[in-house]
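Engineer: Going by my numbering, the sequence shown opens with residue 19, and the numbers climb by one from there.
The C-beta atom is built at its ideal place from N, Cα and C for all residues, glycine as well.
Just so you know, these numbers come straight off a predicted model, no measurement behind them.
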Amino acid sequence: TLSFTHNSSGLTIQAPAGQASSPAYAFKITQDKVLVNNDDAGVTYSGTGWSHQANRGLGDSNNNIHATTNNGDSVSYTFTGTGIQYIAETYSDQGNVAVYIDGTLQQTVNASSSSRQAQVVLYQNLNLSAGQHTIKLVKMSGSFMLVDAFKVISGTTTTSYVKIVNRNSGKLLDVTGGSATNGALIQ
19 TLSFTHNSSG LTIQAPAGQA SSPAYAFKIT QDKVLVNNDD AGVTYSGTGW SHQANRGLGD
79 SNNNIHATTN NGDSVSYTFT GTGIQYIAET YSDQGNVAVY IDGTLQQTVN ASSSSRQAQV
139 VLYQNLNLSA GQHTIKLVKM SGSFMLVDAF KVISGTTTTS YVKIVNRNSG KLLDVTGGSA
199 TNGALIQ
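1. So for asparagine 81, helix, strand or coil by DSSP?
2. Given 8 Å as the limit, is there contact between the segment 95 to 106 and the segment 143 to 159, that is, 3 or more CB pairs closer than that?
3. If you follow the beta strand (DSSP E) that glycine 149 is part of, which residue opens it and which one closes it?
4. Exposed or buried, which one is valine 139 when buried takes at least 16 other CB atoms within 10 Å?
5. Please state whether DSSP places threonine 176 in a helix, a strand or coil.
6. Between the Cα of asparagine 143 and those of Phe162, Gln103 and Ser64, spot the shortest distance and give me the residue it belongs to.
7. If you count every other CB in all the chains shown that lies within 10 Å of the CB of alanine 59, and 16 or more means buried, which is it?
8. Out of Ser172, Gln71, Asp120 and Thr66, state which residue places its alpha-carbon closest to the alpha-carbon of glutamate 107.
9. Could you tell me the distance, in whole angstroms, from the CA atom of valine 54 to the CA atom of tyrosine 118?
10. Let me know the beta strand (DSSP E) ranges lying completely inside the segment 92 to 157, each 3 residues or longer, listed in chain order.
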């Protein structure tokens, strides 16, 4: 079994101790989720209480959030997929958020907690029909409503890229394309 370590300099993959080494490893990177940050151009904010707060240093995705102080202010995001997650911070100064999917109230979530917690999935719906949907969040109570990110679940796994790393030289080869056959489109 390989072990993975992720830090600010990248992803390190370690083979188990005692396993014979190979001159190169190939990794296929796949994803079925897309993280949409709160400052993405497709995110629409309605109401007068919104502000963008950057470089907070509190563990936010991309180190920023949007926040509003006005009950009734809302945010919406239209996406294509089979699921969505609303990600935000929880803390004692936050309250209830009404969550709508395609204009229908799904749930009211409570963003209040005794200690500050970043990148909390406050709402998720993973059972949407494939296609275009809109999530809308409305501030109902509390001093603040925060938006950190949305995570869109596409319902299909897509290959982003493959990297082949030569362990001796450290040089990379990029492999692009959708073919699963050996030797496909090495550049």
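Structural biologist: The short version:
1. In the three-state reduction of the DSSP assignment, asparagine 81 falls in the helix class, which pools H, G and I.
2. Three or more Cβ pairs drawn from the segment 95 to 106 and the segment 143 to 159 lie within less than 8 Å of each other, which places the two stretches in contact.
3. Start and end: 149 to 157.
4. An exposed status is given to valine 139, since fewer than 16 other beta-carbon atoms sit within 10 Å of its beta-carbon.
5. Note on threonine 176: pLDDT 49, under 50, position unreliable in the model; no value is reported.
6. It is Gln103 whose Cα lies nearest to the Cα of asparagine 143.
7. Alanine 59 counts as exposed, since fewer than 16 other C-beta atoms from the protein chains shown sit within 10 angstroms of its C-beta.
8. Selected option, being the one with the closest Cα: Gln71.
9. Those two C-alpha atoms are separated by around 18 Å.
10. Every beta strand (DSSP E) stretch that sits fully inside the segment 92 to 157 and reaches 3 residues is listed by chain position as 92 to 99, 101 to 108, 114 to 119, 122 to 128, 135 to 143 and 149 to 157.
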